[in-house]
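Taken in order, these protein sequences are the chains called A and B. Taking numbering that gives the first Met the number 0 as reference, the numbering of the first sequence is continuous, increasing by one, and the terminal residue is 424. Taking numbering that gives the first Met the number 0 as reference, the numbering of the second sequence is continuous, increasing by one, and the terminal residue is 424. Encoded as structure tokens, the structure appears first; notes follow it.
Protein chains: 2
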Amino acid sequence: MASDKFQPPKGMKDIYPEEMAARQAIFSTIREIMKRYSFKEVEPTKIESFETLAAKSGEEIEKEIYAFEDKAGRKLGLRFDLTVGMARMVAGSAYPTPVRWFCIADMFRYEAPQKGRYRAFWQWDAEIFGSASVYADAECIALGCDVLKAFDVDFEVRVSSRKLVQAVMEAVGIERDKILDAFRCIDKLQKMKREELLDEFERRGIMREKAEDLLDALDLKGEFEDVVEAVKSRVQSKDVNSACDELLQLRDALEALRVLENCVVDLSIVRGLDYYTGIVFEAYATNRKALGSAIFGGGRYDELVGIYGKDMPAVGLAGGVERLMEVLKAEGKLPEVSTSPDYFIAFVTPQLMDVCASIASKLRGKGYAVEMELMDRSLSKQLKHANRIGARYVVIVGPDEVKEGKVKVRDMESGEEKLVKVDEL
Amino acid sequence: MASDKFQPPKGMKDIYPEEMAARQAIFSTIREIMKRYSFKEVEPTKIESFETLAAKSGEEIEKEIYAFEDKAGRKLGLRFDLTVGMARMVAGSAYPTPVRWFCIADMFRYEAPQKGRYRAFWQWDAEIFGSASVYADAECIALGCDVLKAFDVDFEVRVSSRKLVQAVMEAVGIERDKILDAFRCIDKLQKMKREELLDEFERRGIMREKAEDLLDALDLKGEFEDVVEAVKSRVQSKDVNSACDELLQLRDALEALRVLENCVVDLSIVRGLDYYTGIVFEAYATNRKALGSAIFGGGRYDELVGIYGKDMPAVGLAGGVERLMEVLKAEGKLPEVSTSPDYFIAFVTPQLMDVCASIASKLRGKGYAVEMELMDRSLSKQLKHANRIGARYVVIVGPDEVKEGKVKVRDMESGEEKLVKVDEL
Chain A
0 MASDKFQPPK
10 GMKDIYPEEM
20 AARQAIFSTI
30 REIMKRYSFK
40 EVEPTKIESF
50 ETLAAKSGEE
60 IEKEIYAFED
70 KAGRKLGLRF
80 DLTVGMARMV
90 AGSAYPTPVR
100 WFCIADMFRY
110 EAPQKGRYRA
120 FWQWDAEIFG
130 SASVYADAEC
140 IALGCDVLKA
150 FDVDFEVRVS
160 SRKLVQAVME
170 AVGIERDKIL
180 DAFRCIDKLQ
190 KMKREELLDE
200 FERRGIMREK
210 AEDLLDALDL
220 KGEFEDVVEA
230 VKSRVQSKDV
240 NSACDELLQL
250 RDALEALRVL
260 ENCVVDLSIV
270 RGLDYYTGIV
280 FEAYATNRKA
290 LGSAIFGGGR
300 YDELVGIYGK
310 DMPAVGLAGG
320 VERLMEVLKA
330 EGKLPEVSTS
340 PDYFIAFVTP
350 QLMDVCASIA
360 SKLRGKGYAV
370 EMELMDRSLS
380 KQLKHANRIG
390 ARYVVIVGPD
400 EVKEGKVKVR
410 DMESGEEKLV
420 KVDEL
Chain B
0 MASDKFQPPK
10 GMKDIYPEEM
20 AARQAIFSTI
30 REIMKRYSFK
40 EVEPTKIESF
50 ETLAAKSGEE
60 IEKEIYAFED
70 KAGRKLGLRF
80 DLTVGMARMV
90 AGSAYPTPVR
100 WFCIADMFRY
110 EAPQKGRYRA
120 FWQWDAEIFG
130 SASVYADAEC
140 IALGCDVLKA
150 FDVDFEVRVS
160 SRKLVQAVME
170 AVGIERDKIL
180 DAFRCIDKLQ
190 KMKREELLDE
200 FERRGIMREK
210 AEDLLDALDL
220 KGEFEDVVEA
230 VKSRVQSKDV
240 NSACDELLQL
250 RDALEALRVL
260 ENCVVDLSIV
270 RGLDYYTGIV
280 FEAYATNRKA
290 LGSAIFGGGR
300 YDELVGIYGK
310 DMPAVGLAGG
320 VERLMEVLKA
330 EGKLPEVSTS
340 PDYFIAFVTP
350 QLMDVCASIA
360 SKLRGKGYAV
370 EMELMDRSLS
380 KQLKHANRIG
390 ARYVVIVGPD
400 EVKEGKVKVR
410 DMESGEEKLV
420 KVDEL
């Protein structure tokens, strides 16, 4: 066994063949859905300047960046999401808007390792740059729904609006310069008890009564019309009204895109990153076996791209690949992909390896997956190996048969053997 | 335009849609060839402990590692190749041998940036662990050849043997403890003039006359039989003979695998990494337009896996994705992949966006790539956009037609328009 020092570092993991086969199948399905929504694949660089990463992401994330200097003293960091890099890419290019991009790739956060969570992880991520329309928000939600439907996951999308939540904050009297702090508190709503959360508000300088008013006003979950009505009955302001109107427009767009039945409004959703500005959403598994953190999440972030040099509204979503795999595993829906060869080429004596190689080459030329014996084992051990790796057929190359231009082909399922001319394989 | 500080850091680059589409097409082809050779995809972690990376890679590479500490003070580094990680993975697992793995992924080296070379780059890499057979070496070479043939590249593989070169070194009197230095010098043979190279030998404490004898003996390139005969006539030793026998065995295996005609022996090839121990090879473009560094390279490294805890012979190859793309581009063979949508859904008035969304949803459900207008533009501007993004058809949703349950469909190639029932789209 390898010594500890040669294991992956803490929080990192290697991907072995079985998991990789499932991943690649998942990526293919996601790519197919992305294609239907006419998103084009890109990938920003993994190493960014630290400045780019820290520009508008928030205090929580900044602490988690793997930061280092290169040999010329540049301050660099490993990306912690794909949105920042894609926003920088779109700002630095001139594609016709709206730009519809996706990326399936890995990123890094120095988090406390937990079961099933790593410091290097993968996301599928799609963004629409350049459109301020609520239909762009709806398309992102619909895309996420279609991805989960393609995997037959049971889920609900909880939709909210940072505009509406902010309007409520202002209506209950939270000061402008405390809004960001209030969002950061609300993001912890699901992880903290109400009392702890009120303490957290206080630590950030938001008075207890205002925080209580806010939490009461946000404690709303349900159909779009019902939540809109309820929030309007509790809090009145012009901004509340206009944010409510937007939510109702989104409702209609989601209906047209045939995903309304998968969505509810939940005003406690605000997302953890500071760059969000409008509609936000998170999808959760509803199957009891697969409960846990969000399967995907996203929202509108109209001010991020501007930081990188070009003012542009934007909306997007991202989902963790490992989280999706965990959900699929829990529901027994992880794609099972065979990586077994079609043929294993065995020999009776190693003097026949050239014949084996030429048969392997011939079958490969026809598109079959072929492995030949490379270990100089006895025939019985070769057959055992072929069985272990799940080879469908074994070609047995023996001296007597080869003289007649023939080989034995064994069907590993039925055990049947046939003599076949090499030319007719 | 974005300011400089928000560009990718020096030596890094973003991948935009056109390049990504070509890459993904290339990856599909490589995966198909890997499958035929029954290699299974894996991926080692990108962040390794520095100790793992530095274990047996050589002085040149060690200088180029992006090294940093995590917040717990662990010495880490970004991987500089895929072989080291895969060797560590195989040492830490218990798959039936031989283990046939491949990986297509990115890595990092702090090199001086050159045209077309980046500090983050991709490789396709395949390894066979557990077999000491020269047929495993031959399968790796054949795999590489089949990859390049799948892209219709003109190339030759230059094959050599570090065992043979080492036997020659010993025969000309180079001391055992200078062998590694001598290999490092020979690796520079193609980049340096003979005089400079002799100086380099001297700097490393290898006498000029011995170095000259060595360079003369290695100045051999041609058919397997011819080179073997020539080297044997110049240098006699038991080790030379046995290394020559292995080369001739390899020749027969390459012939059986139908790639001998793509291979020549070139004893000046030794590879840059210290972990190689046996047969080594590099493939070069032969088309004048695509000349340059190796397209793939590899060889046997029987002592690397042992370092990570399990003694195991191994052989593998890797090719640079960017280098392959450069070659394909030069030869006009880069895959061209359309990322244009099948349908663009335009509206006459934005009040019809719900209808557009439901048509988009319906066409997506049938597997088409669909983009709908999200910018609130005039119809003529929408059509211009549809043309610019290469949409095959435009569905025009107008109030009069919609009343009759119909839409106009414009064929963007012929310019023809038809009225079609929404139900029959």
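All C-beta atoms in this analysis are idealised placements derived from N, C-alpha and C, irrespective of residue type, glycine included.
Chain order gives the chain B residues near Met19 (chain A) as Glu40, Val41, Glu42, where near means a beta carbon separation below 7 Å.
By a beta-carbon distance limit of 8 Å, Ala119 (chain B) contacts Lys45 (chain A). Their separation comes to about 6 Å.
A buried status is given to Leu256 (chain A), since no fewer than 16 other beta-carbon atoms sit within 10 Å of its beta-carbon. Neighbours of Glu155 (chain A) in chain B, taken as residues at a C-beta separation under 7 Å, are lacking, since the least C-beta distance is about 19 Å. With a minimum length of 4 residues, the unbroken runs of alpha helix (DSSP H) contained wholly in the stretch 141 to 211 of chain A fall at 161 to 170, 178 to 185, 193 to 202. For Gly221 (chain A), the pairing in a beta bridge is given by DSSP as A:Val264. From the listed residues A:Tyr307, A:Lys12, A:Ser236, the smallest Cα separation to Gly172 (chain A) is found for A:Ser236.
The beta carbons of Ile29 (chain B) and Glu42 (chain A) sit no closer together than 9 Å.
By the rule that beta-carbons nearer than 9 Å mark a contact, Met411 (chain A) does not touch chain B. Taking the beta carbon of Gln23 (chain B) as reference, the chain A residues within 9 Å of it are Arg30, Glu40, listed in sequence order. Residues of the stretch 379 to 393 of chain A with a C-beta atom less than 7 Å from some C-beta of chain B are His384, Arg387, Ile388, listed in chain order.
For Glu370 (chain A), the closest Cβ of chain B is nearer than 9 Å. Contact between Phe107 (chain B) and Phe79 (chain B) holds: their C-beta atoms lie close to 6 Å from each other, under 8 Å. Within the same chain, Leu163, Val227, Val230, Lys231 come within 8 Å of Cys243 (chain B) by CB-CB distance, once the 5 residues on both sides are set aside. Chain A has no Cβ within less than 9 Å of the Cβ of Arg116 (chain B). The C-alpha of Tyr274 (chain A) lies about 10 Å from the C-alpha of Leu179 (chain A).
The beta carbon of Arg99 (chain B) sits closer than 9 Å to some beta carbon of chain A. Neighbours of Tyr300 (chain B) in chain A, taken as residues at a C-beta separation under 9 Å, are lacking, since the least C-beta distance is about 16 Å. Burial state of Thr285 (chain A) is exposed, judged by a 10 Å Cβ sphere holding fewer than 16 other Cβ atoms. Annotated as proximal: Trp121 (chain B) and Asp105 (chain B), with beta-carbon spacing under 9 Å.
An exposed status is given to Lys417 (chain A), since fewer than 16 other beta-carbon atoms sit within 10 Å of its beta-carbon. When beta bridges are read from the DSSP output, Lys405 (chain A) appears opposite A:Lys420. DSSP, read as helix, strand or coil, puts Gly364 (chain B) in helix. Only Ile127, Gly129, Ser130, Ser132, Tyr134, Ala135, Ala137, Glu138, Ala141, Asp145 from the stretch 125 to 145 of chain B bring a Cβ to less than 8 Å from some Cβ of chain A. Here Ile127 (chain B) is near Gly315 (chain B), since their CB atoms are less than 9 Å apart. A distance of 9 Å or more separates the beta carbons of Val258 (chain B) and Ala166 (chain B).
For a Cβ distance threshold of 9 Å, nothing in chain A lies close to Tyr274 (chain B): the least Cβ distance comes to about 15 Å. For Pro95 (chain B), the closest Cβ of chain A is nearer than 9 Å. Taking a beta-carbon distance threshold of 9 Å, Thr51 (chain B) counts as an interface residue toward chain A. With 16 or more neighbouring CB atoms inside 10 Å of its own CB, Glu325 (chain B) falls in the buried class.
Chain A has a Cβ within less than 9 Å of the Cβ of Tyr307 (chain B).
Between Ala317 (chain B) and Arg299 (chain B), the C-beta spacing is not below 9 Å. Secondary structure at Leu81 (chain A): coil, using DSSP grouped into helix, strand and coil.
Look at Val354 (chain A) here: in three-state DSSP terms it is helix.
Residues of chain A whose Cβ lies closer than 8 Å to the Cβ of Gln350 (chain B) do not exist; the shortest such Cβ separation is about 11 Å. Listed along chain B, no residue sits closer than 9 Å to Ala317 (chain A) by beta-carbon distance, the nearest being about 17 Å off.
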